[in-house]
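Step one of this worksheet: look at the structure below.
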Amino acid sequence: MSKILAERCPDLTAEVLKSQVSESAHSDEEEGTEQAAPVWPEYFEPGRYEGVPNEVYHAANGISSTMVKDARVSLMYFEARHVSKTIQKVRSPVLDMGNLVHALALQPDDMDKEFSVEPEIPEGAFTTTATIRAFIDEHNASLPPLLSADDIKALLDAHNATLPAPFPLGVSVDESYASYEQLPEEFQRIENGTKYTATAMKACIKEYNATLPAPVKTSGSRDVLLEQLAIINPDLVAQEAQKPQPLKVSGTKTDLIQVVKSVKPDAVFADELLDAWRENPEGKVLVTRQQLSTALAIQKALLNHPTAGKLLTHPSRAVEVSYFGIDEETGLEIRVRPDLEIDMGGLRIGADLKTISMWNIKQEGLRAKLHREITERDYHLSAAMYCETAALDQFFWIFVNKDENYHWI
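Heads up, the numbering used here is the position in the sequence shown plus 2, with the first residue counted as 1.
As C-alpha cells, this is what we get:
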C-alpha cells in the first residue's frame, strides 16, 4: 500500500513524511528539555536525595534541625519564624562569609551559582576623577592649538593698521580745509569762487570717509573676534573650525565620564563596573575582593590541614546531600543536610564545617571553649539528627578560625 501511494501520489507522500519528521524532532526537543530541568517532588518521601537546590530543600516538608533549635529558644519564636513567618531571616555578613567558606571548601566549582565576586578593575581603567581629568588634559595637549583671543586680536589689529585712515573733520575752518585739500578731486565738490565754509568741507570729508573700508572690531569674546576675522580672512576661520575642539575639564564625575567616552568609546570605568556588580540582577551574595582573599586563605588552610584536608577532599565524599525521614519517637517528618559525608567501605562518616572567631582563646582552653560553643549553639542536636536520619557512624566538626591571617583548624 505504501509503494502504491508513493507511486500514484508522490506529493501527498512527501507531505506526510515531512510532517512525521517534524513531529519526531519536536518530540526529541521536549525530551531534551525535560532531561535538562529536573523536576523535584512537592512532597519528599523518606530517602536520600542528591543535588537538591537550596531553595527547594528549605521549602520542603519535614522539620530541620534549625527549626528544632528555634523551638528550643521558645515556641513563640518558632511560631513567628516558621509558621506565621512574622520574623524574617536576615542575611548577615557573618553568615555570608561562613557560606562562602563552605562553598570554597566543599563545592568550589558551584560557587558562582550563589556568589557574585567583585570584578577586578583592569589595568588602564579610569578609577578616580583625577585619572579622568589627567586623560582629558593629555588629550587636549595633543590637539593642534587653537587661536587664542589674543592671537585673533593681533590679526585684527594688523589688518586695521593696513587700512587708509579717514581724514579728520577738523575743529576749525583751517583744520577742515587742510583735510579737504587732501581729498581726491572727485570729492572736492566746492566750486571755485564759492566760499569754503566748514560745513561744506566737512560734508565732502564725510562723503570720502564713508567710502573707506571700516575697521573690524577688536574687542569681545573669542567667538565675537572670530566673526570679525571671518570678514577679512574666511579661509583661516574655516581652517580653525576644522580643528578638533578641546574636551571640557569641568563638571561632575558623571559628566567627565561622558566626555571621555565621546573620544574613547571603549574606555573602562571602575565606577561603572562596580555599579553593574552592585545592581546584582540575579540576587546573588555579593563578595568583595577582600572577603574573597580571606575566604581563599581559609580554604587553603583547610585543604592543607593533615586531617581536615583529607576529609574535605576524600574521593568518595558527597556534599550537601538531603535526607528525609520519620522520627520514630514522635512520628514527625524530619529532614537533614550534613555538609559532608564519606562512605568508607560500610563506615559512614559525617562532618560539619564551622567558621568561628576566636583569636584570644588560649590553646589549652580551646577544646573546652569549643565544647561550650557546640552545646550553646545546639550543634550537638544537629549532629544527632544527621547521624540518625542519614545513618552516619561517626561525626566530626571542623572548626576554622576566620580572623584574618589567623586560620587555625
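Don't be surprised by glycine CBs; every beta carbon is placed ideally from N, CA and C.
Residue ranges of uninterrupted alpha helix (DSSP H) with 4 or more members, entirely inside the stretch 133-179 and ordered along the chain, are 151-164. W399 carries a strand assignment under DSSP once its states are collapsed to helix, strand and coil. DSSP, read as helix, strand or coil, puts F189 in helix. A Cβ-Cβ separation of about 7 Å places L394 in contact with I351 under the 8 Å criterion. Scanning Q396, S223, G64, L334 for the CA closest to the CA of D153 turns up S223. Rounded to whole angstroms, the Cβ separation of L355 and L108 is 7 Å, and the two are in contact under 8 Å. The shortest C-alpha to C-alpha distance from L148 to any of L334, L228, A278 is the one to L228.
In the displayed model, G53 falls within coil according to three-state DSSP, outside both helix and strand. For Y79, the uninterrupted alpha helix (DSSP H) run begins and ends at 77-80, by DSSP. With 16 or more other Cβ atoms from the protein chains shown falling within 10 Å of its own Cβ, P340 counts as buried. In the pairwise beta carbon analysis, the stretch 322-338 is classified as not touching the stretch 359-371: fewer than three pairs are separated by under 8 Å. By a beta-carbon distance limit of 8 Å, S67 contacts V338. Their separation comes to about 6 Å. Note that the stretch 99-117 does not touch the stretch 259-278; fewer than 3 beta-carbon pairs, one per stretch, sit closer than 8 Å.
Taking 8 Å as the upper bound for CB-CB distance, S359 and N403 are in contact here, some 7 Å apart.
Contact between L342 and L314 holds, since their C-beta atoms are separated by about 7 Å, short of 8 Å. Taking I207 as reference, the option from V173, G195, A240, G126 with the minimal CA-CA separation is V173.
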